[in-house]
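Colleague: First the structure, then my questions, so here it is.
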Amino acid sequence: MPTFLHQRPLHGTVSDPYPLSPRQSSSSQRQISLFSRTGLIALLSLLLILGVILPWAGTPSFFSATNPASLAKWQQYTLPQAVAFVAKNKTVIVCAVSQPYLPFLSNWLISISRQKHQDKVLVIAEDYATLYNVNERWPGHAVLVPPAPDSQSAHKFGSQGFFNFTSRRPRHLLHILELGYNVMYNDVDMVWLGDPFRYLEGNHDVYFTDDMAAVKPLDHSHDLPPPGKKGRTYICSCMIFMRPTDGAKLVMKKWIEELKAQPWSKTKKANDQPAFNWALNKTAGQVDLYLLPQAAFPTGGLYFKNQTWVQETKGKHVIIHNNYITGFEKKIKRFRDYSLWLVDDHASESPLGKL
């Protein structure tokens, strides 16, 4: 257990059955002498009972999520419990985060809070430090689905750690669908400038965004785009909305199958997105799919690299994805360059506060 998770001693903990100093008055000492040994044992027992039971009875503000009882509580907190706690109107917004990306999580949460949707956010923690940190600041909004990946480092895109991290995603999403909830998934290198739920027209099974930077007409088709040079589409696996339909579940099951068929190796540095595209392509005739409008959900290769297009579509942007760039610090710098790194000046707007 990391040392920073250790609980500070609670005020009022009885470490000495005779806590009075010699400087106290003799009358006070006489009052204390009236306590029998039995009375002292009963008092100690009561304090012990309160220390064990109170952390489980609601969430009193004076109990930190990092005291031993609460740590055990969050370790036993399950995905069904967490989804039921955060869902609003049978809908949950999900992200998956490891400790190095907590600043990105906070930045993303600030933008969601401005759209009044933060209460339905569930953080799937990929390490115990993230689980405890989020739940200490925002009880109930983080869950860890065992087993946690071994490494807590910031994985580089294309690495085996990155593959191991992202390949767990469809299993989490499928579980939520099987529980009967709508689910929106976001990577945390995104910023909301508007309310994406207004764009989820109709009752389609799966909604997604194009990862290509080529400009589309404003009235482009919402059908799955045609395959590219590699024989598959280039849909982004970082922004997905699904209803708990058989079609959406089928796509998630196929995604899991494709990931198993395309494991990471040193020669073939796979990631989860090609497998997601193969899953969409191979189930397209059985599933009701919907491509979200490019102007509202642009890829980073368009938004950050085509300023003419940005000006022409000003006021239409809803979620900006900081992709088409790799590296933790590079992403932060680009967000800052475009005034989208909100944690610098607006940390208080995050449910996590200032990290």
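The numbering of the sequence shown is the numbering used here, which starts it at 2 and goes up by one.
Think of the CB as a built atom: it goes at the ideal place given N, C-alpha and C, for glycine as much as any other residue.
#1: What's the gap between the Cα of Ala280 and the Cα of Pro104?
#2: Is DSSP giving Asn134 helix, strand or coil here?
#3: I'd like the span of the beta strand (DSSP E) that includes Phe242, first residue to last.
#4: Tell me where the alpha helix (DSSP H) around Tyr291 begins and ends.
#5: If I'm right that His173 touches Val207 with Cβ under 8 Å, what's the distance once you round it to whole angstroms?
#6: Output yes or no for whether 9 Å exceeds the beta carbon distance between Leu260 and Pro148.
#7: For Thr92, write down the residues that DSSP places opposite it in a beta bridge.
#8: Starting from Phe305, trace the alpha helix (DSSP H) both ways and give me its first and last residue.
#9: Are the stretch 344 to 352 and the stretch 113 to 120 touching by the rule of at least three beta carbon pairs closer than 8 Å?
#10: What residues match up with His223 in a beta bridge as DSSP calls it?
#11: What residues in its chain sit with their C-beta under 7 Å from that of Leu178, if we drop five residues either side in the sequence?
#12: On the criterion of 16 or more Cβ atoms from any shown chain inside 10 Å, does Ser222 qualify as buried, or is it exposed?
#13: My output table needs one value for Tyr200: the three-state DSSP class, helix, strand or coil.
#14: Report yes if the C-beta distance between Leu225 and Leu290 is below 9 Å; otherwise report no.
#15: Roughly how many angstroms separate the alpha carbons of Ala296 and Ser114, rounded to a whole number?
#16: Where Trp193 and Ile320 are concerned, what is the direct C-alpha to C-alpha distance, given to the nearest angstrom?
#17: Would you mind giving the Cβ-Cβ distance between Cys96 and Trp75, rounded to the nearest angstrom? I have them listed as a contact below 8 Å.
#18: Using only the alpha-carbon positions, how far apart do Val135 and Ser112 sit?
#19: At the level of alpha carbons, what is the spacing between Pro275 and Arg233?
#20: Can you list, in chain order, the residues of its chain whose CB lies under 6 Å from that of Gly301, leaving out five sequence neighbours each side?
#21: What would DSSP say about Tyr208, mapped onto helix, strand or coil?
#22: Can you tell me which residues form a DSSP beta bridge with Ile321?
#23: Excluding the 5 residues flanking Gly229 on each side, which residues of the same chain have their C-beta closer than 7 Å to its C-beta?
#24: Would you grab the beta carbon distance between Val98 and Val189 for me? Rounded to a whole angstrom, and I think it's under 8 Å.
#25: Relative to the C-alpha of Pro69, which candidate in Val216, Glu137, Ala126 has its C-alpha closest?
#26: Taking the beta carbon of Gln312 as the centre, do at least 16 other beta carbons fall within 10 Å, making it buried, or is it exposed?
#27: At the level of alpha carbons, what is the spacing between Lys217 and Pro197?
#28: By alpha-carbon positions, which one of Arg169, Leu175, Gly195 ends up nearest to Val93?
#29: By alpha-carbon positions, which one of Ile125, Asp247, Phe277 ends up nearest to Thr79?
#30: In angstroms, rounded to a whole number, what distance separates the CA positions of Ser107 and Pro101?
#31: Mark Pro227 as exposed unless 16 or more other C-beta atoms lie within 10 angstroms of its C-beta, in which case mark it buried.
#32: Please look up how many angstroms separate the CB atoms of Ala83 and Gly141, rounded, as I've assumed it's under 8 Å.
#33: Please check the pair Lys306 and Ala214, which I expect to be a contact at CB under 8 Å, by giving their CB distance rounded to whole angstroms.
#34: Per DSSP, Val98 is paired with what?
#35: Do Leu292 and Asp212 have their C-beta atoms within less than 9 Å of each other?
Modeller: Reading off the structure:
#1: In the sequence shown, the residue the question calls residue 280 occupies position 279. In the sequence shown, the residue the question calls residue 104 occupies position 103. Roughly 32 Å separates the two Cα atoms.
#2: Within the sequence shown, the letter at position 133 stands for residue 134. Here Asn134 sits in helix by DSSP.
#3: Within the sequence shown, residue 242 is the residue found at index 241, counting from 1. Segment 236 to 243, the beta strand (DSSP E) holding Phe242.
#4: Here residue 291 corresponds to residue number 290 of the sequence shown, with the count starting at 1. No alpha helix (DSSP H) holds Tyr291; the beta strand (DSSP E) holding it covers 290 to 292.
#5: Here the question's residue 173 lines up with position 172 in the sequence shown. Here the question's residue 207 lines up with position 206 in the sequence shown. Between Val207 and His173 the Cβ distance is about 16 Å, and since that is not below 8 Å, they are no contact.
#6: The residue you call residue 260 lines up with position 259 of the sequence shown. The residue you call residue 148 lines up with position 147 of the sequence shown. Their beta carbons are not under 9 Å apart, which means Leu260 does not touch Pro148 by this criterion.
#7: One-based indexing of the sequence shown puts residue 92 at position 91. The secondary-structure analysis by DSSP pairs Thr92 across a beta bridge with Lys89, Asn183.
#8: Position 304 of the sequence shown, counted from the start, is the residue given in the question as residue 305. Premise fails: Phe305 is in no alpha helix (DSSP H) and is neither H nor E.
#9: The stretch 344 to 352 is in contact with the stretch 113 to 120.
#10: Position 222 of the sequence shown holds residue 223. Looking at the DSSP assignment, His223 forms no beta bridge with any residue, so it has no partner.
#11: Stepping through the sequence shown from its first residue, residue 178 is reached at position 177. Counting only Cβ-Cβ distances below 7 Å, and skipping sequence neighbours, we find Val184, Met243, Pro245, Ala249, Lys250, Met253.
#12: What you label residue 222 is simply residue 221 of the sequence shown in a count that begins at 1. Counting other Cβ atoms within 10 Å of its Cβ, Ser222 stays below 16 and is therefore classed as exposed.
#13: As a position in the sequence shown, residue 200 is number 199, starting the count at 1. Helix, per DSSP.
#14: Position 224 of the sequence shown holds residue 225. Position 289 of the sequence shown holds residue 290. Taking C-beta atoms as the reference points, Leu225 and Leu290 count as a pair closer than 9 Å.
#15: Along the sequence shown, read from residue 1 onward, the residue named residue 296 stands at position 295. Along the sequence shown, read from residue 1 onward, the residue named residue 114 stands at position 113. Rounded to the nearest angstrom, the gap between the Cα atoms of Ala296 and Ser114 is 22 Å.
#16: Taking the sequence shown and counting its residues from 1, one reaches residue 193 at position 192. Taking the sequence shown and counting its residues from 1, one reaches residue 320 at position 319. Just so you know, the alpha carbons of Trp193 and Ile320 end up roughly 4 Å apart.
#17: Translated into positions along the sequence shown, residue 96 becomes position 95. Translated into positions along the sequence shown, residue 75 becomes position 74. Actually they are not in contact, since the Cβ atoms of Cys96 and Trp75 sit about 17 Å apart, beyond 8 Å.
#18: Stepping through the sequence shown from its first residue, residue 135 is reached at position 134. Stepping through the sequence shown from its first residue, residue 112 is reached at position 111. Between the alpha carbons of Val135 and Ser112 lies a distance of about 17 Å.
#19: Position 274 of the sequence shown, counting from 1, holds the residue named residue 275. Position 232 of the sequence shown, counting from 1, holds the residue named residue 233. When rounded, the separation of the alpha-carbon atoms in Pro275 and Arg233 is 8 Å.
#20: Along the sequence shown, one-based indexing puts residue 301 at 300. So the list reads His322, Asn323, Asn324, Tyr325, once near-sequence residues are dropped.
#21: Here the question's residue 208 lines up with position 207 in the sequence shown. DSSP, reduced to helix, strand and coil, places Tyr208 within a strand of the structure shown.
#22: As a working mapping, residue 321 is identified with position 320 in the sequence shown. According to DSSP, Ile321 bridges with Val192.
#23: The residue you call residue 229 lines up with position 228 of the sequence shown. Contacts found: Tyr235.
#24: As a first step, residue 98 must be located in the sequence shown, where it is residue number 97. As a first step, residue 189 must be located in the sequence shown, where it is residue number 188. Contact holds; Cβ gap of about 6 Å.
#25: Residue numbering aside, residue 69 sits at position 68 when the sequence shown is read from its first letter. That would be Glu137, whose Cα lies nearest to the Cα of Pro69.
#26: On the sequence shown, position 311 is the one that residue 312 refers to. With fewer than 16 other beta carbons inside 10 angstroms of its own, Gln312 counts as exposed.
#27: For the purposes of this step, residue 217 is taken as residue 216 along the sequence shown, with counting starting at 1. For the purposes of this step, residue 197 is taken as residue 196 along the sequence shown, with counting starting at 1. Lys217 and Pro197: Cα-Cα distance of roughly 19 Å.
#28: The residue labelled residue 93 in the question sits at position 92 within the sequence shown. Nearest option by C-alpha distance: Leu175.
#29: Taking the sequence shown and counting its residues from 1, one reaches residue 79 at position 78. Residue nearest to Thr79 within the set Ile125, Asp247, Phe277 is Ile125 (criterion: CA-CA distance).
#30: Against the sequence shown, residue 107 aligns to sequence position 106. Against the sequence shown, residue 101 aligns to sequence position 100. Going by the C-alpha atoms only, they are around 12 Å apart.
#31: Here the question's residue 227 lines up with position 226 in the sequence shown. Per the 10 Å Cβ criterion, exposed.
#32: Taking the sequence shown and counting its residues from 1, one reaches residue 83 at position 82. Taking the sequence shown and counting its residues from 1, one reaches residue 141 at position 140. Taking the Cβ atoms as the reference, Ala83 lies roughly 7 Å from Gly141, within the contact range of under 8 Å.
#33: For the purposes of this step, residue 306 is taken as residue 305 along the sequence shown, with counting starting at 1. For the purposes of this step, residue 214 is taken as residue 213 along the sequence shown, with counting starting at 1. Indeed they touch by this definition, with Cβ atoms about 7 Å apart.
#34: Within the sequence shown, the letter at position 97 stands for residue 98. For Val98, the beta-bridge partners assigned by DSSP are Ala126.
#35: Along the sequence shown, one-based indexing puts residue 292 at 291. Along the sequence shown, one-based indexing puts residue 212 at 211. Going by C-beta atoms, Leu292 is not nearer than 9 Å to Asp212.
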